[in-house]
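Numbering (our numbering), first residue to last: 17 to 579.
Shown next, in structure tokens, is the structure this report addresses.
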RNA sequence: CGGGGUAUGGCGCAGCCUGGUAGCGCACCUGCUUUGGGAGCAGGGGGUCGUAGGUUCGAAUCCUGCUGCCCCGACCA
């Protein structure tokens with residue numbers, strides 16, 4: 017491609033509203049343009065990246081036995097009503113009405129449509145297992161789109177859905193997909209980690225997320241230093257190793273005016289934060305409210321809390337009125353002593369002795385509190401987020417926390433959708449069986465953003481070769497003034513094109529500094545500079561995007577630099 | 001949804017407090033000079049100042065409504 021025939025649109029200035037580096041660089045390099053909140057156009061330079069990621073995904077899906085199809089972006093409401101998600105999905109589902117007053121939604125995911133296809137198309141167990149996939153635009157009406165294409169409303173996703181007669185077959189495909197995803201992210205050239213995850217609203221038994229490791233990631237991941245355990249913090253089990261000590265203090269009330277937070281409490285009473293507990297009231301499944309108890313320095317894990325039977329799902333915090341009714345005080349003075357509602361304590365909180373908590377009376381706290389002696393034993397459950405240094409749930413090593421960007425997610429759905437949508441098939445004995453299902457997603461556009469988060473410097477993007485918009489650029493110095501340079505650059509361009517290299521010929525009549533700055537910002541991995549200086553020796557200058565110094569090579573050796 | 005901020009040429013911003021001919025940098029166009037790391041000089045084009053109303057002789061500026069965009073938002077016992 018000749019740069020003069022392409023569209024290159026770079027900017028020196030960083031747009032004011034871009035927060036994260038990938039968003040800033042994508043805008044500056046002219047890869048994307050914003051149309052409205054959470055809606056982006058992919059400009060020619062950016063689209064090349066997307067197409068390369070798609071090609072890798074497609075190859076690996078095909079290799080793993082996937083078959084590609086494409087489904088409509090707009091879905092009739094009836095299908096979603098049948099699965100029950102028309103109600104459950106909430107405001108993230110963009111709903112539309114057509115001229116006949118029929119209701120539709122813009123698909124945020126395609127379980128319903130593919131299940132409808134499966135129940136119509138699959139008539140014999142001999143047709144299974146089968147794994148359909150598509151690469152297509154999705155729409156989710158996010159509350160707060162941000163970080164450019166990292167969390168946009170419209171985005172491109174590869175979604176695959178597999179159908180099986182048996183669970184064993186599903187497990188086999190789930191493993192195959194796990195391996196295919198590893199192959200995809202290996203080829204794209206990212207540092208990533210598969211982690212155990214909660215399956216969330218899609219439902220089903222087991223799921224695994226693929227995260228690109230980056231400090232700007234929205235998810236916290238826990239991994240073990242001792243083995244290959246890795247899980248989303250939402251899912252990672254917290255192991256309590258503490259054992260309760262014998263009480264030494266007697267319970268007494270202390271005045272704590274204006275103390276509403278744990279920080280204020282530790283300051284006022286000069287007590288270590290690990291001797292305090294916090295009490296959170298949430299709506300219960302049966303009781304109106306339930307008390308959740310965690311140590312002062314720990315954080316509630318909402319996902320874990322929501323999975324407890326006594327807790328109402330989705331997790332809802334008690335409001336001021338509920339708190340008054342249950343404890344006769346404000347939220348800042350809550351404690352478990354004397355409560356008549358169910359009290360569920362995290363393992364570490366249940367192992368505490370002589371602790372400090374709210375007195376259920378504004379302006380007062382209790383100290384020297386002990387379970388069993390001053391209040392009943394709580395129900396014990398895992399309620400908190402794991403933290404750095406926790407023992408690994410596998411028993412070897414300790415937990416470390418890193419941040420990640422979720423670029424892939426694979427689920428074992430089981431028979432959730434085949435039951436609600438009646439997708440059954442006769443087995444070898446002619447008996448109808450609900451199909452077992454798996455689903456597997458890769459965020460194509462998000463993968464591009466994640467790659468930039470992980471690969472950039474003060475000059476711009478540094479694309480991994482596999483997904484760079486162009487693998488190499490030829491930058492001639494003052495070609496307009498030198499027939500020699502022009503001839504050599506044209507010849508090199510032809511050689512590279514003939515060799516199948518995805519090369520950009522920067523034939524724009526620009527000063528060298530401008531050309532270099534543009535190509536570094538865009539992040540082309542390999543640069544070949546053709547100039548009068550070296551052409552006489554049949555040489556040119558090569559520089560890798562990550563290298564600080566250029567080297568002089570023979571023109572004939574240029575192709576060798578591209579591996 | 002709640003809180004905060006913001007809206008002036010393609011991009012980044014000043015002007016607003018204290019009402020009186022809309023300005024700067026980048027980008028763009030023309031010419032000359034320059035030419036290996038985002039050139040210099042000269043000239044030029046482009047803006048209903050988000051929108052609707054109000055106050056006023058006069059509104060980008062003051063007031064009110066609406067809209068867009070950005071940031072923050074259980075973490076609290």
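C-beta atoms are modelled at their ideal positions from N, C-alpha and C, and glycine is treated no differently.
Exposed is the label assigned to residue 88, since fewer than 16 other Cβ atoms lie within 10 Å of its Cβ. Collapsing the DSSP output to three states places residue 426 in a strand. Between residue 223 and residue 427 a beta carbon distance of about 4 Å is seen, short of the 8 Å cut, so the two are scored as contacting. In the structure shown, residue 198 adopts helical secondary structure according to DSSP, grouped into three states. Judged by DSSP in its simplified three-state form, residue 102 adopts helix. Out of 443, 424 and 534, the CA that lies nearest to the CA of residue 199 is found in 424.
Of the candidates 460, 495 and 566, the residue whose Cα lies closest to the Cα of residue 204 is 460. The C-alpha of residue 544 is placed about 50 Å away from the C-alpha of residue 402. If you compare the alpha carbons of 32, 528 and 542 with that of residue 483, the shortest gap goes to 542.
By the beta-carbon neighbour count (other beta carbons within 10 angstroms, threshold 16), residue 114 is exposed. When DSSP reads this structure, residue 272 sits in no beta bridge, so it has no partner.
Around the beta carbon of residue 101, 16 or more other beta carbons sit within 10 angstroms, so the residue counts as buried. Per DSSP, the continuous alpha helix (DSSP H) segment holding residue 128 begins and ends at 127 to 137. Per DSSP, residue 311 is one residue of the beta strand (DSSP E) stretching across 305 to 311. For residue 532, the uninterrupted alpha helix (DSSP H) segment begins and ends at 528 to 538. Assignment of beta-bridge partners to residue 177 by DSSP yields 148 and 455.
If you draw a straight line from the Cα of residue 499 to the Cα of residue 569, it comes to about 21 Å.
At the C-beta level, residue 227 and residue 35 stay beyond 8 Å of one another. Secondary structure note for residue 381: its beta strand (DSSP E) is the uninterrupted segment 380 to 385. Going by C-alpha positions, residue 130 is about 24 Å away from residue 213.
Excluding the 5 residues flanking it on each side, residue 381 has same chain C-beta neighbours closer than 8 Å at 269, 270, 272, 275, 281, 285, 349, 351, 372, 373, 374 and 375, in chain order. Between the segment 175 to 193 and the segment 466 to 478 there are fewer than three inter-stretch CB-CB distances shorter than 8 Å, so the stretches are not counted as touching. 194 is the residue among 194, 117 and 158 whose C-alpha sits nearest the C-alpha of residue 81. The continuous stretches of alpha helix (DSSP H) do not include residue 32, and DSSP gives it neither H nor E. By the 16-neighbour rule on beta-carbons within 10 angstroms, residue 448 is exposed. For residue 574, there is no enclosing beta strand (DSSP E), as DSSP marks it with neither H nor E. Residue 326 is not a Cβ neighbour of residue 363, given a cutoff of 8 Å. One thing to note: residue 99 has its Cβ within 8 Å of the Cβ of residue 433. Residue 48 sits buried, since 16 or more C-beta atoms from the chains shown fall within 10 Å of its C-beta. In the three-state reduction of the DSSP assignment, residue 110 falls in the strand class.
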